[in-house]
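In the numbering used here, the protein residues as written are 4 to 136.
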Amino acid sequence: MAYTNKIILINGTQVYYVNTSLKTQGGYPETVQRVQISGNSVDVQSYDKLETAIAKVSFDILVSDSDNDSDPRQFIKNIKANKGNNQIVIQSDGVGKTQLYKNASLMSDPEINENPDGTISLAFESMPMILVD
4 MAYTNKIILI
14 NGTQVYYVNT
24 SLKTQGGYPE
34 TVQRVQISGN
44 SVDVQSYDKL
54 ETAIAKVSFD
64 ILVSDSDNDS
74 DPRQFIKNIK
84 ANKGNNQIVI
94 QSDGVGKTQL
104 YKNASLMSDP
114 EINENPDGTI
124 SLAFESMPMI
134 LVD
């Protein structure tokens, strides 16, 4: 097995990102255990804490200036306004499964590091990840 570079699509538009910055969490709920006792006997019950079933996707993009929608500031404004309705697709550029994140929201107001080497960190939360062949 080998690592394959990823392609990120947000609402069908390909997003270029800093290669080493992509991080994901599948949104698997936290497992909680409870204990029941009867005399000296102990029974452990496990269950999923469903309110923690939130997937996360984060990555950095480069700062650039443009007069059209490719400007990162406009991109951020558009996806921020579309809260709860963004769709993120992460595809392998080779072998590997495609990751689908539905109902994604950009969670914070990203800080823009205004210099030629500047990056913008984006962090999304969504429904749990779906793996697609």
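Quick reminder that beta carbons are idealized off the backbone N, C-alpha and C, glycines included.
Query, Result
"Less than 8 angstroms between C-beta atoms, sequence neighbours within five positions excluded: which residues of the same chain meet that for residue 110?", "126, 127 and 128"
"In angstroms with no decimal places, state the Cα-to-Cα distance between residue 83 and residue 108.", "7 angstroms"
"For the alpha helix (DSSP H) holding residue 100, just list the boundary residues, first then last.", "Segment: none, residue 100 is in no alpha helix (DSSP H) and carries neither H nor E."
"Between residue 67 and residue 75, what straight-line distance do the alpha-carbon atoms span, to the nearest angstrom?", "7 angstroms"
"Excluding five sequence neighbours on each side, which residues of the same chain lie with their C-beta closer than 8 angstroms to the C-beta of residue 14?", "82, 85, 89 and 90"
"Can you tell which of 34, 10, 97 and 39 has its C-alpha closest to the C-alpha of residue 26?", "10"
"Starting from the C-beta of residue 97, find all residues in its chain whose C-beta is less than 7 angstroms away, skip the five residues before and the five after it, and write them out in chain order.", "7"
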